[in-house]
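Peer 1: My questions all concern the structure below.
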Amino acid sequence: MNSHLDLLESIIERIGESVIASNDTVEKFAHSMNTLSEKIQQQEYQIEQQGYQIFALTETIQTLVDSQVESREQLNQVTSLLQTLVTTLNDQVVNNEK
Numbered sequence: 272m273n274s275h276l277d278l279l280e281s282i283i284e285r286i287g288e289s290v291i292a293s294n295d296t297v298e299k300f301a302h303s304m305n306t307l308s309e310k311i312q313q314q315e316y317q318i319e320q321q322g323y324q325i326f327a328l329t330e331t332i333q334t335l336v337d338s339q340v341e342s343r344e345q346l347n348q349v350t351s352l353l354q355t356l357v358t359t360l361n362d363q364v365v366n367n368e369k
C-alpha cells in the first residue's frame, strides 16, 4: 500500500511540476506577446509620422512647382518687355540716323 502512495505522490508531484512549467511558459509567452505588441504600436506611430512627413513634403514640392511656374511667367514677361525695349531702341537709333 505504501508503494501505491509513493507512486501516487510521485505522479502528483510530476503533474504539479508540469503545471508550474506550463505556467512559466505561458507567462514568458505573454511577456513576449506584450513586447511584440509594444513594438508594433511604436512602428504604427512611426509609420503615421512618416505619413505626415510625406504629406508635408508633397505640399512643399507643390508649392515649389507653383512658385517655379509663377517665376517662369514673370521671366517670360520680363523677356517680352526687354524685347519690346530693344526693338523700340533700335527703331529710335534707325530714325535718328536718318
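Mapping to the working numbering: the sequence shown position 37 is 308, numbers consecutive.
Think of the CB as a built atom: it goes at the ideal place given N, C-alpha and C, for glycine as much as any other residue.
Do SER342 and the ligand PLP come close, with the Cβ less than 7 Å from some heavy atom?
Peer 2: The ligand content of the structure shown is nil, which means the ligand PLP is not present either.
Peer 1: Run through DSSP, which three-state label would MET304 get?
Peer 2: Looking at MET304 - three-state DSSP - the assignment turns out to be helix.
Peer 1: Straight-line CA distance for THR331 to LEU346?
Peer 2: So the alpha carbons of these two residues sit roughly 22 Å apart.
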